[in-house]
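Colleague:
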Amino acid sequence: MQADPIGVLTGAHFLDGDHACCEGAIAAGARFAAGYPITPSTEVVERFAMRAPTVGGTFIQMEDELAASIAIQGAVWGGAKAFTVTSGPGFSLMMEHIGYAAMTETPCVFVDVQRGGPSTGLPTLPAQGDMMQVRWGSHGDYDTIALCPNSPQECFDLTVTAFNLSERYRVPVFVMLDEVVGHMTEKVVIPQPDKIEVEPRRFTRKDPKSFRLFEPLEDQVPEMAKAGDGYNVHVTGLTHDERGYPNMTPPVQDKLVKRLRSKIRDNAGKIWMYESRDIDEAEVVVVSYGITSRVAQRAIDLAKAEGIKVGKFRLITAWPFPDKPLREIAAKVKAFVVPELNLGQMVREVERVAGGQARTIHVPHAGGSVHRPEDILAAIREAAR
Amino acid sequence: MSTTTLNTLPANPVEQFLRSERMPHIWCPGCGIGTTVNCFTRALIETGVELSNLAVVSGIGCTGRVAGYVNLDSFHTTHGRAIPFATGLKLANPKLNVVVYSGDGDLFAIGGNHLIHAARRNVDLKVICVNNLIYAMTGGQTAPTTPGDVITSTSPYGTYDPAFNLPYLVEAAGAVYVARWTVFHVRQLAKSMGEMFKKKGFGFIEVLSPCPTLYQRRNKMGDGLDALKYYKQASKIKHGAPTSEVGLTKSGEIIVGKFVDRERPEFMDMMNAHLSQRLGDEYIQPTLDGGCGSECGNCEEVL
Amino acid sequence: MARGAVTIVVERCKACGFCVEFCPTKVLALSSAYNSKGYHPPHAVAPDKCSGCDLCGMFCPDFAIHGYRTDKTKGAKEAEDAG
């Protein structure tokens, strides 16, 4: 279905990633946000605070990230599309509620504008240090979807995608910015509402007597309901059966938790997004994401000028990780080069998937600035030897 | 006595509110939480609240299990966070009447910060706090409400830190309705709940209830019935008592009654009034029922 | 002549004793029978004294008992005929 025109600022804008992300949320139909200020993410909700009253939305600044991350879920069960925004320390605080969203299959979006860590770290400087945390941060087994924009335009586009994916799979979805993408200002084109594809919430049409809130359809995803429609829903974080009633036994645990994983895993092929270029002839492939991918592009161009056959694989979805495409590439190339603004997170996935078929050259960076292209180039040269 | 089957006789008024297939419940013999549910359902019947617009949000703990037993839109959320969940629920869908039904530890220890902010804002939530003076579900640890010199599993030599006086705290934070009853006071509690439901804003009722298995037993205070007899003997009804004077002790006087019933602007009313005033025609008030408020027709198209 | 009667859902009872203690006319006592969990549910030992006030129902934490008026309720005639 098309976007609600009231929320769409059609036109060409000069926006930073944080602001573009907010516009993406509004275009996707988000009408509720709860937030807590944290650099470098705050602008997303500051903009929403200004825009929400003019589009029929509500913004509330909560007393902490624990409150923000659960208030949005209350709003979802009230019927709204909702999101919250944070950075590293706040993201850590939100982990319990991320698990709650995964367990209760509450569709919502979390935006993490990553900064130097650990702990208070570098509040105003970039890193990509939360990439494993977004996948594994909450306790127990569950699967999530994480998207990595590398430009303000993508901050708009991928935030819309994030909302759509969350509705389609009844799962929390994460938009992983970094401080540079969040604070860089570029041209952002917002299309006409009828050119923006928006996924409606999968509200059930079954009558309350037969509807089961956690009974999956063929794609392993249950339909949704909301409070106030006579369904007498019951939602709990306890291990539950298809009615949503607590049933804390191993067989029910097995069935439920495996489905929480497989609804993403089995549909991964439809969820993956990546940008791959010049792979067929490549001897070396650079795997990168977020702002690092833009620096990597420079290194790739320099390497090509030196005659190295280098391809590019940019993760747009970091999770689910695109195992299959990368495994196929691993069989054909000498090595992967993986630059990231951390000391080794997504590179572990690349190594795992390469399975020894290709070397993996890691280009770590503790954070605080972006890589120098020369450092990535050096790794590409090393990989090509 | 008649032995005719249930369905030819008047049904227990509470039954229509229960997820009967989940009975019997897990609460201990002599626990008072079920009693509070009787009062709750009586209050709902009495005030005529539209049940499809009623949502119950609870946290974690023995009282938190109420959500799972009531046949209403019910949300069993995370420890301490029923109130922010309820806030989001209410703001997104203002036509809902949202009741927060949780325990003393959940609402005042881990959840304390959220409680005071919701009271400060006067968010339209009705909070029923069952206070059994302990963390019961996890095996009987000290709570911020446990009176002095009480044996708990984490104060094996007896508590020595001061306890919160809940009505005092909640009044100071901004609640517009504050009352305390015990599970002995079934009629007054039901009436008070009904009063609270009819009043807009942040309402709070503390209900003293026994934890026979842990609190009573470990302190050689008998069982649940003994606790109710104590409530009966030690309670003094003092409507309008200054909340600073209603603190509890291990076996002293229990002041009950309605302490606060005042007027303050409610959060959403303030929000709407303020934004209307600032933005004029540009302000689009969020819809009452969780929809996005647009007239784009997309949802009708899909449906 | 009783003005009321009680219905007991034996399997839900946990023998807490609230209903026995707080019945204003002392209609109830715990029986020597027991349910499948081993609890002794109450029974009416003085049914004639029952006023149908339903205080037992209000107190019962297990939703295992409730009282109702038999002299004024619709079900009164059926109840009398049956009982």
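Protein chains in written order, with the working numbering: chain A, 3 to 387; chain B, 2 to 304; chain C, 54 to 136.
Ideal Cβ positions, reconstructed from N, Cα and C, are used throughout, including at glycine.
1. Can you tell which of A/G139, A/P154, A/R207, A/E156 has its C-alpha closest to the C-alpha of A/P174?
2. Considering only heavy atoms of the ligand NAD, does any lie closer than 7 Å to the CB of A/W79?
3. Whose C-alpha, out of A/G313, A/Y276, A/L262, is nearest the C-alpha of A/T146?
4. Excluding five sequence neighbours on each side, which residues of the same chain lie with their C-beta closer than 8 Å to the C-beta of B/K200?
5. So, using beta-carbon positions, are B/P266 and B/N123 closer together than 8 Å?
6. Which residues of the segment 59-82 of chain A have a Cβ closer than 8 Å to any Cβ of chain B? Give them in chain order.
7. For B/P21, count neighbouring Cβ atoms within 10 angstroms of its own Cβ and tell me buried if that reaches 16, exposed if not.
8. Should A/N249 be flagged as near chain B, meaning a C-beta pair shorter than 8 Å?
9. Are the beta-carbon atoms of B/E172 and B/F260 separated by less than 8 Å?
10. Could you tell me whether the Cβ of B/P243 comes closer than 8 Å to any Cβ of chain A?
11. Identify every residue that forms a DSSP beta bridge with B/S59.
12. Within the 8 Å Cβ cut-off, does B/Y284 reach chain A?
13. Mapping DSSP to helix, strand and coil, what is A/A320?
14. State the start and end residues of the unbroken alpha helix (DSSP H) segment that holds A/D325.
15. With DSSP collapsed to three states, give me the class of A/I302.
16. Whole angstroms are fine: how far does the CA of C/R65 sit from the CA of A/V389?
17. Put A/A104 into one of helix, strand or coil per three-state DSSP.
18. Going along chain A, which residues have a C-beta under 8 Å from B/L280?
19. How would you write the range of the alpha helix (DSSP H) that C/P100 sits in, first residue to last?
20. In whole angstroms, what is the alpha-carbon distance linking A/V352 and A/M133?
21. Would you identify the three-state DSSP class for A/K272, choosing helix, strand or coil?
22. Between B/Q286 and B/T88, what straight-line distance do the alpha-carbon atoms span, to the nearest angstrom?
23. Would you mind working out which of A/G76, A/P7, A/G58 sits nearest A/K228, comparing C-alpha positions?
24. For the segment 79-96 of chain C, enumerate the residues whose C-beta is nearer than 9 Å to any C-beta of chain B, in chain order.
25. Count the CB pairs spanning the segment 180-191 of chain A and the segment 279-298 of chain A that are closer than 8 Å, and state whether there are at least three.
26. Along chain A, which residues have their Cβ under 7 Å away from the Cβ of B/G292?
27. Please say whether B/L19 and B/A56 have beta carbons closer to each other than 8 Å?
28. Identify every residue that forms a DSSP beta bridge with A/M226.
29. Nearest CA to the CA of B/L90: which residue from A/V87, A/R33, A/V190, A/I331?
30. Check whether the segment 333-342 of chain A and the segment 352-368 of chain A are in contact - that is, three or more C-beta pairs closer than 8 Å.
31. Could you check what DSSP says for A/M178 in three-state terms: helix, strand or coil?
32. If you count every other CB in all the chains shown that lies within 10 Å of the CB of A/E308, and 16 or more means buried, which is it?
33. How would you write the range of the beta strand (DSSP E) that B/N13 sits in, first residue to last?
34. Check the Cβ-Cβ distances between A/V206 and every residue of chain B, and say whether any is below 8 Å.
35. B/W28 CB to nearest chain C CB: under 8 Å?
Modeller: Inspection of the coordinates gives the following:
1. For A/P174, the nearest C-alpha among the options comes from A/G139.
2. Here there are no bound small molecules, and the ligand NAD is not part of this structure.
3. Measuring from the Cα of A/T146, the nearest candidate turns out to be A/L262.
4. Here the set comprises V177, Y178, D262.
5. Yes, the Cβ-Cβ distance between B/P266 and B/N123 is below 8 Å.
6. If the cut-off is 8 Å between Cβ atoms, the segment 59-82 of chain A has G59, T60, I62, M64, E65, D66, L68, A69, A70, I72, A73, I74, Q75, G76, A77, V78, W79, G80, G81, A82 near chain B.
7. The sequence as given places Ser at residue 21 of chain B; Pro does not occur at that position. B/S21 comes out exposed.
8. No, its Cβ sits nowhere closer than 8 Å to a Cβ of chain B.
9. Note that the C-beta distance between B/E172 and B/F260 is below 8 Å.
10. Closer than 8 Å: no.
11. DSSP output for B/S59 lists B/H77 as bridge partner(s).
12. True, the Cβ-Cβ gap to chain A drops below 8 Å.
13. Residue state, collapsed to three classes: strand.
14. For A/D325, the enclosing alpha helix (DSSP H) stretches over residues 325-332.
15. Helix, per DSSP.
16. An answer regarding residue 389 of chain A cannot be provided, because it is not within the stretch 3 to 387 covered by chain A.
17. Reduced to three states, the DSSP call for A/A104 is helix.
18. Simply P55, T56.
19. Counting along the chain, C/P100 sits inside no alpha helix (DSSP H), nor does DSSP assign it H or E at all.
20. Between A/V352 and A/M133, the C-alpha separation is close to 13 Å.
21. Correct three-state label for A/K272: helix.
22. If you take the alpha carbons of B/Q286 and B/T88, they lie about 17 Å apart.
23. Here the closest residue by C-alpha is A/G76.
24. Correct list: K90, Y92, H96.
25. The segment 279-298 of chain A and the segment 180-191 of chain A touch, with three or more beta-carbon pairs separated by less than 8 Å.
26. Think of a sphere of 7 Å around the beta carbon of B/G292: the chain A residues whose beta carbon falls inside it are G81, in chain order.
27. The answer is no: Cβ separation not under 8 Å.
28. Paired residue(s): A/F205.
29. Per the Cα distances, A/R33.
30. In short, these stretches touch, since the Cβ pair count reaches three.
31. Reduced to three states, the DSSP call for A/M178 is strand.
32. By the neighbour-count rule (16 or more Cβ atoms within 10 Å), A/E308 is not buried but exposed.
33. For B/N13, there is no enclosing beta strand (DSSP E), since its DSSP letter is neither H nor E.
34. The question names Val, yet the displayed sequence has Thr at residue 206 of chain A. So, not an interface residue.
35. Cβ-Cβ to chain C under 8 Å: yes for B/W28.
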